Amino acid sequence: MSRPPLDGAVLITGASSGIGRALAFEFAPRARAIGLLARREDRLAELRDELLALRPSLEILVLPCDLLDPEATFAALARFEEVLGPVDVLVNNAGFGDLAPLHQADLAKLERMIALNCTALTRLTHHVLPGMLARRSGGILNISSGFGLNTMPGVAAYAGSKHYVSAFTEALIAELAGTGVCACHVCPGPVKTEFIEIAGNPTGLSPALIEITPETVARQSVRAFSRGRALIVPGWVMWGVISLGRLTPYAVLRKVYGLGSRLVRGRSG
Ligand SMILES: NC(=O)c1ccc[n+]([C@@H]2O[C@H](COP(=O)([O-])OP(=O)(O)OC[C@H]3O[C@@H](n4cnc5c(N)ncnc54)[C@H](OP(=O)(O)O)[C@@H]3O)[C@@H](O)[C@H]2O)c1
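When we follow our numbering, the leftmost residue of the sequence shown carries the number 708, and every step to the right adds one.
Written out as structure tokens, the structure reads:
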């Protein structure tokens with residue numbers, strides 16, 4: 708089983724908040740260098756200063772970049788390679804959700820979501836893999852979602868995008884067998900980040916009971932990734948919920964979720 712070279716140069720996307728920021732703190736004690744990528748440069752600069760205060764010898768590069776822009780993405784990758792060397796570990800974390808029934812969703816937002824969650828992740832992975840394969844060393848950590856393994860009403864496009872991330876990663880894991888390069892997907896349930904501000908919450912229900920912190924996700928993910936694990940579902944409650952969902956036949960899920968949808972529609976109108 709291959710292990711990721713966590714002592715090398717790590718590129719983390721979506722490092723300006725939430726899970727990405729927490730992942731930076733988990734990688735910082737072991738990595739030689741970290742590239743912090745997101746659009747909000749001020750947040751990345753603050754994070755760089757916090758990480759340097761913890762470990763002054765860490766090489767850190769702030770990479771302000773909109774991953775929806777392919778040219779800017781390739782420029783950020785070139786800058787990373789010029790300053791820190793080849794990417795040893797790629798953490799595809801940047802992403803957002805849209806929680807609404809499909810017919811009520813804003814199409815432009817859905818298209819941006821798919822472009823970020825699927826296309827940008829594919830672009831970055833496609834760029835770094837040949838070098839990793841040539842060095843026979845590397846790791847890809849993809850932040851998928853519980854919706855990459857399960858689904859429910861109100862998340863059609865988001866769950867579709869995260870099914871892409873999880874299926875993409877599983878296929879990669881098979882392709883990479885015996886090459887020295889490993890891949891892994893993380894499938895969390897609700898995490899207390901800025902996610903819901905962007906995704907919206909049409910149910911109005913608080914996920915407080917099952918919500919975990921980004922620090923828990925990051926700690927469990929990096930520990931399992933370092934041991935060569937391929938799939939991580941952080942938190943015992945969500946592990947149980949997601950496992951139950953995966954074992955339940957689609958015919959049963961359709962009945963349960965269909966009933967739920969009818970009840971919500973009936974209540975709203
Ligand atoms: N929170 C949850 O409940 C939950 C559950 C399962 C999976 N996830 C997944 O976890 C990942 C991280 O989300 P989070 O919960 O930590 O949410 P978050 O706090 O909103 O963080 C999202 C990150 O993505 C970056 N980002 C967004 N658009 C970008 C773009 N166009 N180019 C570059 N970076 C961009 C944001 O930075 P800027 O705005 O500065 O660009 C931010 O750093 C996502 O893939 C999400 O789908 C979250």
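C-beta: ideal position from N, C-alpha, C; glycine also. In this text, all values refer to a predicted model and were calculated from it rather than measured experimentally.
Check                                                                                                                        : Outcome
Limits of the unbroken beta strand (DSSP E) element including Glu766                                                         : 766-771
Chain-order list of residues whose beta-carbon lies under 6 Å from that of Leu848 (same chain, five-residue window excluded) : Val798, Cys891, Phe932
Proximity below 8 Å, CB of Ile939 to CB of Cys894                                                                            : yes
Runs of beta strand (DSSP E) wholly within the region 827-906 (minimum 3 residues, chain order)                              : 845-850, 888-893
Element boundaries [beta strand (DSSP E), containing Ala716]                                                                 : 716-720
For Gly952, the first and last residue of its enclosing beta strand (DSSP E)                                                 : Run containing Gly952: none in the beta strand (DSSP E); it sits in the alpha helix (DSSP H), 943-954.
Alpha-carbon spacing of Leu840 relative to Val888, whole angstroms                                                           : 7 Å
Closer than 7 Å: Arg936 CB and nearest ligand 1 heavy atom                                                                   : no
Segment contact, 8 Å Cβ cut-off, at least three pairs: the region 790-805 with the region 710-730                            : yes
Where the beta strand (DSSP E) containing Gly992 begins and where it ends                                                    : Lying outside 708 to 976, the shown extent of the chain, residue 992 is not represented and no answer is given.
Local Cβ density within 10 Å of Ala815, reported as buried at 16 or more and exposed below that                              : exposed
Residue from Cys825, Ile850, Val898, Gly846 whose Cα sits closest to the Cα of Gly867                                        : Cys825
Beta carbon of Ala735 nearer than 8 Å to that of Leu713                                                                      : no
Any non-hydrogen atom of ligand 1 within 7 Å of Ile939 CB                                                                    : no
Residue environment, Ile741, which counts as buried when at least 16 other CB atoms sit within 10 Å                          : buried
Residue closest to Val794, alpha-carbon to alpha-carbon, out of Glu778, Thr720, Leu774                                       : Thr720
Contact test: Pro897 Cβ vs ligand 1 heavy atom, cutoff 7 Å                                                                   : yes
Residues near Thr920 in its chain [Cβ-Cβ closer than 6 Å; skip 5 each side]                                                  : Lys899
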